[in-house]
Amino acid sequence: MRAQETRADQATHDQARVRPQKMSAAPAMLNSSGGTPSGALLQALRSAFPLFRTVPPQQIGQFLPRIAEVLRRVRTGLDSQGAQIALVGQTSAFDLGARGAGDAGVAGWVDPSAQDLMARLNPNHMKSEDLPSMDPGRGGPINLREDGEVAWYVIHEATHRFAGTLDYQYSSYDHELQEDAAQAGLAGALGQAAVADQDAEMLGRRVARDPATYTGQNGTARPLRQENWYAMGRRALMNADSYAHFVMTATGSPIPRG
Ligand SMILES: [Zn+2]
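Mapped onto the working numbering, the consecutive letters of the sequence shown carry residue numbers 7 to 264.
1) Please confirm whether Val253 and Ile161 have their CB atoms less than 7 angstroms apart.
2) Specify which residues have a beta carbon nearer than 6 angstroms to any heavy atom of ligand 1, listing them in chain order.
3) Residues bridged to Leu271 by DSSP?
4) Taking C-beta to C-beta, are Ala164 and Leu84 nearer than 7 angstroms?
5) If I follow the unbroken beta strand (DSSP E) through Ile148, where does it start and stop?
6) Per DSSP, what kind of secondary structure is Val213 in: helix, strand or coil?
7) Could you tell me which of Thr221, Gln184, Asp141 and Ser38 sits nearest to Asn234, measuring between CA atoms?
8) Using 10 angstroms around the beta-carbon of Ser177, count the other beta-carbons present and answer buried if the total reaches 16, otherwise exposed.
9) To the nearest angstrom, report how far apart Asn128 and Asp122 are at their CA atoms.
10) When DSSP labels each residue in this structure, what does Gly222 get in the three-state scheme?
11) Residues bridged to Gly95 by DSSP?
12) Whole-angstrom Cβ separation of Asp186 and Arg263, contact assumed at under 8 angstroms?
13) In three-state terms, what does DSSP make of Gly145?
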């Protein structure tokens, strides 16, 4: 907590570099889509918000104002004078702040608001498809550990801090890119026909699932993590990792096959 304060000063400069390109480009793409996304934007939306895999592009437009509003709040929040990012380095597993985030392995966290803590008293509150309010008044800095000091986590945590998103489910993004690379390697060595069944099975796990099968809490182990991700339905519109996934893929990060 001592060395952290000087690092936090540094961080306000670092994050200012992360923010302008990605956090301006993604909303600009949404705004210029005219309500019917296509091309790379449509691919990014369908990757980050799996419910859109079953929605025709002309009908996705009705959901875009909410996505644009979350991103607007994040941009405004990160730009504001009081925005503070604390780089906490490698915290111990016994660190109270990290432990309060629910998992000693987390890459970052924002302290919950009183409203969040109240909501958590109902163990089924995340099973509901009613989306949380966007102004829950979370306060304090965005805390990032060393492995969280990348754009993905800055965006993820900033959506908690400034737009009241929840962790319905972490993305399977890294896992799916690794799967894609392994599958491409196999196809190269054995031929496409030899891996066709595996390929179909892999892609068959990447389809939108019935939102009623979402478990009600963030799953960390596979296959639950991936199953839950595809079963979020509308909840994805207030899911922190969906926004990180969207901003990254809309601005040029590779998109898993799907
Ligand atoms: Zn989170």
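Beta carbons are placed, not taken as given, at the ideal position from N, Cα and C, and that holds for glycine. All figures in this text were calculated on a predicted structure; none of them were measured in a lab.
Put simply:
1) Residue numbering aside, residue 253 sits at position 247 when the sequence shown is read from its first letter. Residue numbering aside, residue 161 sits at position 155 when the sequence shown is read from its first letter. Yes, the Cβ-Cβ distance between Val253 and Ile161 is below 7 angstroms.
2) Selection output, chain order preserved: His162, His166, Asp173 and Ala246.
3) As shown, the chain starts at 7 and ends at 264. That puts residue 271 outside it, with no answer to give.
4) Residue 164 sits at position 158 when you count from the first residue of the sequence shown. Residue 84 sits at position 78 when you count from the first residue of the sequence shown. Less than 7 angstroms divides the Cβ of Ala164 from the Cβ of Leu84.
5) Residue 148 sits at position 142 when you count from the first residue of the sequence shown. Ile148 to Arg151 is the span of the beta strand (DSSP E), which, as asked, contains Ile148.
6) Taking the sequence shown and counting its residues from 1, the one referred to as residue 213 is at position 207. The answer is coil: DSSP assigns Val213 none of H, G, I, E or B.
7) What you label residue 234 is simply residue 228 of the sequence shown in a count that begins at 1. If we check each option's Cα against that of Asn234, Thr221 comes out closest.
8) Walking along the sequence shown from the start, residue 177 turns up at place 171. Label assigned to Ser177: buried.
9) The residue given as residue 128 occupies position 122 in the sequence shown. The residue given as residue 122 occupies position 116 in the sequence shown. Taking the straight line joining both Cα atoms gives about 10 angstroms.
10) Against the sequence shown, residue 222 aligns to sequence position 216. Coil.
11) Residue numbering aside, residue 95 sits at position 89 when the sequence shown is read from its first letter. Answer is Arg151.
12) Your numbering for residue 186 matches position 180 in the sequence shown. Your numbering for residue 263 matches position 257 in the sequence shown. Right, their Cβ atoms sit about 5 angstroms apart.
13) As a position in the sequence shown, residue 145 is number 139, starting the count at 1. DSSP places Gly145 in coil when its eight states are reduced to three.
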